[in-house]
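Protein chains in written order, with numbering that gives the first Met the number 0: chain A, 0 to 441; chain B, 0 to 441.
For glycine and all other residues, C-beta sits at the position ideal for the given N, C-alpha and C.
Computed from a predicted structure; not experimentally measured.
Structure first, commentary second.
Protein chains: 2
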Amino acid sequence: MVSPSSPTPAGPRPAKRFELLTLGDELLLGLTANGHLTFIGAELGRRGVMLARNVTITDEADDIARQFRESWAQADIIITTGGLGPTCDDRTREVIAEVLGQPLVFDPAIEAAIVDRFSKFGRKMTPNNLKQAYKFARGEVLPNANGTAPGLWVEQDGKVLCMLPGPPNELQPMFTEQVIPRLAERGLLLAHEAYMQLRTAGIGESALEAKLQPVFDRYGAALGVAFCAHQGQVDCRLSSPGGKLTLTELDAAAAECEQLLGEDFMCYGYASLAKVCGDLLRAQEKTLAVAETATGGLLASAFTDLCGASKFFAGGVVCYSNEARMSLLDCPECLLEQHGAISAECAVAMATGVAESLGADYAVAVTGFTGSCRGTQVNPVGTIFLALHAPHGVWSKELSYPGPRATVKERAVNAALDWLRRELVRSQTGHNAPPRQSGAMQ
Amino acid sequence: MVSPSSPTPAGPRPAKRFELLTLGDELLLGLTANGHLTFIGAELGRRGVMLARNVTITDEADDIARQFRESWAQADIIITTGGLGPTCDDRTREVIAEVLGQPLVFDPAIEAAIVDRFSKFGRKMTPNNLKQAYKFARGEVLPNANGTAPGLWVEQDGKVLCMLPGPPNELQPMFTEQVIPRLAERGLLLAHEAYMQLRTAGIGESALEAKLQPVFDRYGAALGVAFCAHQGQVDCRLSSPGGKLTLTELDAAAAECEQLLGEDFMCYGYASLAKVCGDLLRAQEKTLAVAETATGGLLASAFTDLCGASKFFAGGVVCYSNEARMSLLDCPECLLEQHGAISAECAVAMATGVAESLGADYAVAVTGFTGSCRGTQVNPVGTIFLALHAPHGVWSKELSYPGPRATVKERAVNAALDWLRRELVRSQTGHNAPPRQSGAMQ
Numbered sequence: 000m001v002s003p004s005s006p007t008p009a010g011p012r013p014a015k016r017f018e019l020l021t022l023g024d025e026l027l028l029g030l031t032a033n034g035h036l037t038f039i040g041a042e043l044g045r046r047g048v049m050l051a052r053n054v055t056i057t058d059e060a061d062d063i064a065r066q067f068r069e070s071w072a073q074a075d076i077i078i079t080t081g082g083l084g085p086t087c088d089d090r091t092r093e094v095i096a097e098v099l100g101q102p103l104v105f106d107p108a109i110e111a112a113i114v115d116r117f118s119k120f121g122r123k124m125t126p127n128n129l130k131q132a133y134k135f136a137r138g139e140v141l142p143n144a145n146g147t148a149p150g151l152w153v154e155q156d157g158k159v160l161c162m163l164p165g166p167p168n169e170l171q172p173m174f175t176e177q178v179i180p181r182l183a184e185r186g187l188l189l190a191h192e193a194y195m196q197l198r199t200a201g202i203g204e205s206a207l208e209a210k211l212q213p214v215f216d217r218y219g220a221a222l223g224v225a226f227c228a229h230q231g232q233v234d235c236r237l238s239s240p241g242g243k244l245t246l247t248e249l250d251a252a253a254a255e256c257e258q259l260l261g262e263d264f265m266c267y268g269y270a271s272l273a274k275v276c277g278d279l280l281r282a283q284e285k286t287l288a289v290a291e292t293a294t295g296g297l298l299a300s301a302f303t304d305l306c307g308a309s310k311f312f313a314g315g316v317v318c319y320s321n322e323a324r325m326s327l328l329d330c331p332e333c334l335l336e337q338h339g340a341i342s343a344e345c346a347v348a349m350a351t352g353v354a355e356s357l358g359a360d361y362a363v364a365v366t367g368f369t370g371s372c373r374g375t376q377v378n379p380v381g382t383i384f385l386a387l388h389a390p391h392g393v394w395s396k397e398l399s400y401p402g403p404r405a406t407v408k409e410r411a412v413n414a415a416l417d418w419l420r421r422e423l424v425r426s427q428t429g430h431n432a433p434p435r436q437s438g439a440m441q
Numbered sequence: 000m001v002s003p004s005s006p007t008p009a010g011p012r013p014a015k016r017f018e019l020l021t022l023g024d025e026l027l028l029g030l031t032a033n034g035h036l037t038f039i040g041a042e043l044g045r046r047g048v049m050l051a052r053n054v055t056i057t058d059e060a061d062d063i064a065r066q067f068r069e070s071w072a073q074a075d076i077i078i079t080t081g082g083l084g085p086t087c088d089d090r091t092r093e094v095i096a097e098v099l100g101q102p103l104v105f106d107p108a109i110e111a112a113i114v115d116r117f118s119k120f121g122r123k124m125t126p127n128n129l130k131q132a133y134k135f136a137r138g139e140v141l142p143n144a145n146g147t148a149p150g151l152w153v154e155q156d157g158k159v160l161c162m163l164p165g166p167p168n169e170l171q172p173m174f175t176e177q178v179i180p181r182l183a184e185r186g187l188l189l190a191h192e193a194y195m196q197l198r199t200a201g202i203g204e205s206a207l208e209a210k211l212q213p214v215f216d217r218y219g220a221a222l223g224v225a226f227c228a229h230q231g232q233v234d235c236r237l238s239s240p241g242g243k244l245t246l247t248e249l250d251a252a253a254a255e256c257e258q259l260l261g262e263d264f265m266c267y268g269y270a271s272l273a274k275v276c277g278d279l280l281r282a283q284e285k286t287l288a289v290a291e292t293a294t295g296g297l298l299a300s301a302f303t304d305l306c307g308a309s310k311f312f313a314g315g316v317v318c319y320s321n322e323a324r325m326s327l328l329d330c331p332e333c334l335l336e337q338h339g340a341i342s343a344e345c346a347v348a349m350a351t352g353v354a355e356s357l358g359a360d361y362a363v364a365v366t367g368f369t370g371s372c373r374g375t376q377v378n379p380v381g382t383i384f385l386a387l388h389a390p391h392g393v394w395s396k397e398l399s400y401p402g403p404r405a406t407v408k409e410r411a412v413n414a415a416l417d418w419l420r421r422e423l424v425r426s427q428t429g430h431n432a433p434p435r436q437s438g439a440m441q
C-alpha cells in the first residue's frame, strides 16, 4: 500500500487536458482492479502530465457514445482502453467512429497480422476476428505485438484520440513503446522524465526533508521538490519547475542530495528494495537465504519475483511451528522453550540456521506477531523481531508497528530488506558493522 | 488476475443510476490503485446493482464542483470517497455543500467523538481536526469507528449523496455496516444478495455450462445464469431475474447444481481455494506442508494469509538451488542429477521430503519453469510439475500453461490447491484415490 504525501509531480503542468476512458462492466462490478489507471497515470506522471480525469463506464453503446461525446468536448487528449476485441460486446470502435463522423475502413495490413498470429499459434482464425482489421479512415494503426486487436490513433479537431486494447500485457508495451513517443513528438508531454527521483529507505519524510534542506536552500525556487512516502520508503523528486535548471544542473543537485543522504539513499528511479539487495549480492558474489514466520512467504516472494534470482537467492523457509524451526533450521528446543518463538533469540537462531542449511553467505529472519487478522480493528500493534546473519556476525532488532496486518507484514519485509541493504552497502565500501570477534572482518 | 467472462450480475437491474466519485491526485498519478471502485463495485454488484459510472478527479475545488454538478444532474445515488480529512487540501465537504446550496453546521457530537478518539490514543488534538465536525444542515452523520472523519449522508432533490473518508480500513466497514443497510431500507438495492454463487475449480466455463444444462433447461427463463472465470476457477451465479423464483426455490436450484458438479464444486460464496483446503484440513485434524520453486513463496502465502493458519499449516520451503533441495528436503542428489530439478521425480521427492521434515500429514510441491521474466513476450510456455503427498500415497502431475510469468505462477498455485482440495474431499467422504499399497488406506 502506498500512502503518497505530496503526489503532485514536479515540473510544469502542461495546459493540455488528458482524460482516460476505461471501458468494462468487470471494472464497475469490482471483478477486476482498474490497473490501466494505475499504469497510465504513473507513466504520464513521469513525463510531467497529470490525468485530469479517469472515467470508467459500461460496455453499452449508449453509455460509450454519451461519455465519449462529453469527454471529447472537454479534453485535448483522450486515451481509451478496452472494447476493441472480436466479439459482439466489443463496440467501442464503431461507436466512437460514429461520434467522430469518420468511416471505418478495412486495412489488409491488419488482416495479414491477425492471420499471421493465428498461423504462428497453429490455430484457425474465426471470421469475427476480421472485425479487428478496421481502422479510422483518417487515422493510424498502433501494432499489437501480443494480441490480435491493434491500437488506433486519430488526430482531429486539434485533439488526439488513442484507443488501446484491454489486456494489460498488450496495452502496456504499446503504451510505452508507441504512445509515449508519439505524444512526446507532438510536444504533449516531456521528452524525458519530468523529475529526477531519489529513492530512500529507512528514513521518514520530515527527517529526509531536514537532511536535504541545505541543497534546497541553495537552489531556492529554481528547484522543485516533491516527496512521496511508501511503507518504509520515501521518494524525493527533484525537478525544474520554471525550466531554469539544465538537466546537468538537476543531475548535480541530485548528486548533492545523494551525498547528504549517505546510506539512506537507496537508488535513482524505481527499483525495489529486493532488486537493490539482489544487485548488491550479485556484484559481491554472495548468496542469501531467508527464514520467516509472520511474513509467511512475502520475503521469499520479494526475491523470487526478480529476473535471475537464482543467481544469488538460495531459498527460504516459512515456519509455522516450533517443529519446523527445529527440523529445518536447527533452532535449539531449549532456546524456543526459554525465549519463545517471538523473540530476538529465536530470530537469530532462524537466521543462522537457514544460512547454514542452505550454505548462504547472508540470511535474514523475521518472526513476530502481525496483529489481528482483521484490518479494521482499532490500532492492533505488530511486534516483530528481525535477525541479520552476515559473514562477519549476526544481529537482531525489535520493531513495533501499529496498523492492520497487511501493512505490518509489508513494513516488516521492508525493514528486513533495508537492514540487509545497508549491511551490503557497508561491506561493499569496507565500512562493515563492528565484527562479532576482532579479526573476523574481511 | 481475474479475467471475467460474463460479468453482468444476475437479477433485475434497478432503474436508479449509481455513480461513484473517487477523489485524489494519487489515484490519477497511479501512486495508489483505485481500490474503492473494486470494493464498492463488488458490494453493490452482490445486491443487484451495477455502478453506471466511476469518475476519478483531482483534489482541486474547481474540478470537484464541476464534476459533482454534472454527476448530480445525471445520477440518483452518488457515493464520494476521499477529501474529508483535516488538512487544507481536503475540500470536498465545503465544495459540495456549496453546489447543493446547503450550509455546513457544527455538530458537537462529532467533536466529542474526535476528542474521545484522540484521548484514547493519548495524543493531542490539533485545531484543524475540528473541520471534520461539520455536517450538512439537512443531512446525517455516518460514524467512523476507525478514524476521525465521519461519513456524511444527504437526501435532496429525490437523490442520495453519501460521502465517505478515503482510508480503506475506515471506508469499508462503514460501507457494509451503514451504507448498504440504508440503501436497502430505501429500496435502492436488494435486501439480500442478488444471486447465489457456486464457486467451482478445475473445470472450464464451457464444460461447466454443459454439466449444469439439465438444471438450466428445467427452470428455463425463470433462472438467471452468469459465469465469471478466474485463473482455474469459475463462478456460476444463479438469480431470479423476474423475481419468479422464491429464495427457497433458488436454493433448491443451487443444490441441484452442486449435486451435478460433484468434486468440481468448491464452495458457495467467495472463499479462496486455500481457505477451503484449510477448513477441510482443520475438520480432519490434519496438517500441511508445502515446497516450492517456481511459485517462490506464493503457495505458502496463500495459507499464511488466513486467520488461524497455524492450526493446520506446518510451514513451507522455497528452494532455489539443488543444495536447498538436498539439505532441507532430503532430495537425493542422484535423483536430481538423473531427472533434473524440473521433473515429476523431483516434485515427488520435494513433497515427501517436506512432509517428513515437518511431520505433516499432507504436502504439496511445485517445481517448474514459469516462462520468461517479461510478461510481454509472445507465448512463453510454463512447464510445471506438481506433487501431492497424502497419508496413503504420493502422486505427480505435469502441467503446461502459456502466458506471462505472473499468470503461470497463479495458475500453478491454483492447480496445486485444487488437487489438494479434491484429495481432502475424497478423504472426508471415504472415496480416496487408489492407495500406493493395498492396506495403506485408512
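**Q.** Within chain B, partners of A:Glu322 - CB distance below 8 Å
**A.** Within 8 Å Cβ-Cβ: Ala313, Leu357, Gly358.
Q: Check the Cβ of A:Phe38 against every Cβ in chain B and list those closer than 9 Å, keeping chain order.
A: Neighbours of A:Phe38 in chain B, taken as residues whose beta carbon is under 9 Å from its own, are Gly29 in chain order.
**Q.** Of the listed residues B:Gly296, B:Lys134, B:Pro331, nearest to B:Gly314 (C-alpha basis)
**A.** The option with the nearest alpha carbon to B:Gly314 is B:Gly296.
Q: For the beta strand (DSSP E) holding B:Cys235, just list the boundary residues, first then last.
A: Per DSSP, B:Cys235 belongs to the beta strand (DSSP E) from 232 to 238.
Q: Compare the Cα-Cα distances from A:Gly146 to each of A:Gly84, A:Ile179, A:Trp152 and report the closest residue.
A: Selected option, being the one with the closest Cα: A:Gly84.
Q) Short check: CB of B:Ile95 to CB of B:Phe117, under 8 Å? A) At a Cβ-Cβ threshold of 8 Å, B:Ile95 and B:Phe117 do not count as neighbours.
Q. What's the call for B:Phe120, buried or exposed, on a 16-neighbour Cβ count within 10 Å?
A. Around the Cβ of B:Phe120, a 10 Å sphere holds fewer than 16 other Cβ atoms; the residue is exposed.
Q) Around the C-beta of A:Leu246, are 16 or more other C-beta atoms found within 10 angstroms, so that it is buried, or is it exposed? A) Exposed, by the Cβ-count rule.
Q) Any beta-carbon of chain B closer than 8 Å to the one on A:Asn378? A) Here A:Asn378 scores only 42 on pLDDT, less than 50, and its place in the model should not be relied on; the value that follows carries that caveat. At least one chain B Cβ lies under 8 Å of A:Asn378.
Q: Check whether the stretch 196 to 215 of chain A touches the stretch 256 to 265 of chain A, counting contact only when three or more Cβ pairs, one atom from each stretch, lie closer than 8 Å.
A: The answer is yes - the stretch 256 to 265 of chain A touches the stretch 196 to 215 of chain A, with three or more Cβ pairs under 8 Å.
Q | B:Cys330 (DSSP reduced to helix, strand or coil) | A | Coil, per DSSP.
Q. Short check: CB of B:Leu151 to CB of B:Gln177, under 8 Å?
A. Not closer than 8 Å, so no.
Q.
Which residue marks the beginning of the alpha helix (DSSP H) containing B:Phe311, and which one marks its end?
A. Note, B:Phe311: premise wrong, no alpha helix (DSSP H); not H, not E.
Q | Reduced DSSP secondary structure (H/G/I, E/B, other) of A:His35 | A | The answer is helix: DSSP assigns A:His35 an H, G or I state.
**Q.** Contact under 8 Å by Cβ, B:Asp341 with B:Phe368
**A.** This sequence places Ile at residue 341 of chain B; Asp is not what is there. Contact: yes.
Q. Hey, how far is the Cα of B:Ala288 from the Cα of A:Thr286?
A. Across the structure, B:Ala288 and A:Thr286 are spaced so that their CA atoms are roughly 25 Å apart.
Q) In whole angstroms, what is the alpha-carbon distance linking B:Glu59 and A:Gly277? A) One C-alpha to the other measures close to 41 Å.
Q: Could you round the C-beta distance between A:Asp417 and A:Gly201 to whole angstroms and report it? I think they count as a contact, below 8 Å.
A: Yes, they are in contact, since the Cβ atoms of A:Asp417 and A:Gly201 sit about 5 Å apart, within 8 Å.
Q: Could you tell me the distance, in whole angstroms, from the CA atom of B:Lys123 to the CA atom of B:Leu129?
A: Rounded to whole angstroms, B:Lys123 to B:Leu129 spans 13 Å at the Cα level.
Q: Quick one: residues in its chain with C-beta nearer than 6 Å to the C-beta of B:Ala221, no 5 flanking neighbours on either side, listed in chain order?
A: Answer for B:Ala221: Lys243, Leu244, listed in chain order.
**Q.** Local conformation of B:Val363 per DSSP, three classes
**A.** Of the three classes helix, strand and coil, the one that applies to B:Val363 here is strand, per DSSP.
Q. Can you give the Cα-Cα distance for A:Gln376 and A:Pro403, rounded to whole angstroms?
A. Low per-residue confidence applies at A:Gln376: pLDDT is 47, beneath 50, and the placement is therefore not dependable enough to give any value.
**Q.** Cβ shell of B:His338 (< 8 Å), same chain only, five flanking positions each side left out
**A.** Here the set comprises Glu344, Cys345.
Q | Nearest residue (CA-CA) to A:Thr37, options A:Thr21, A:Leu30, A:Glu25 | A | Considering only alpha carbons, the answer is A:Thr21.
Q: Give the straight-line distance between the Cα atoms of A:Gly82 and A:Asp88, rounded to the nearest whole angstrom.
A: When the Cα atoms are used, A:Gly82 and A:Asp88 turn out to be separated by approximately 7 Å.
Q. Distance, Cα to Cα, A:Glu397 vs A:Ala389?
A. Rounded to whole angstroms, the separation of the alpha carbons of A:Ala389 and A:Glu397 is 18 Å.
Q. Can you tell me the Cα-Cα spacing of B:Glu336 and B:Leu328, whole angstroms?
A. Taking the straight line joining both Cα atoms gives about 16 Å.
Q | chain B contact for A:Arg52 (CB, 8 Å cutoff) | A | At least one C-beta of chain B is nearer than 8 Å to the C-beta of A:Arg52.
Q. What is the DSSP secondary structure of A:Cys87, counted as helix, strand or coil?
A. For A:Cys87, the secondary structure class from DSSP, reduced to helix, strand or coil, is coil.
Q | With 16 other Cβ atoms within 10 Å as the buried cut-off, status of A:Ala364 | A | Its Cβ being crowded by 16 or more others within 10 Å, A:Ala364 is buried.
Q.
Can you pull out the residues from the stretch 403 to 433 of chain B whose beta carbon lies closer than 8 Å to at least one beta carbon of chain A?
A. The stretch 403 to 433 of chain B vs chain A, Cβ under 8 Å: Pro403.
Q: Could you name the residues of the same chain whose beta carbon sits closer than 7 Å to that of B:Thr57, not counting the 5 residues immediately before and after it, in chain order?
A: The answer, listed in chain order, is Asp24, Leu27.
(Q) Suppose you measure from the CA of A:Leu249 to the CA of A:Ser239; what does that come to, to the nearest Å? (A) When rounded, the distance between both Cα atoms is 7 Å.
Q | Short CB-CB distance (under 8 Å) between B:Ile56 and chain A | A | Interface residue, yes.
Q.
If distances are taken between C-alpha atoms only, which option among A:Gly241, A:Glu204, A:Phe215, A:Ala254 comes closest to A:Gln230?
A. Minimum Cα-Cα distance from A:Gln230 among the listed residues A:Gly241, A:Glu204, A:Phe215, A:Ala254 corresponds to A:Glu204.
**Q.** Closer than 8 Å at the beta carbon, the chain B residues around A:Val316
**A.** Against chain B, a Cβ distance below 8 Å from A:Val316 picks out Gly314, Gly315, Val316, Val317, Leu327.
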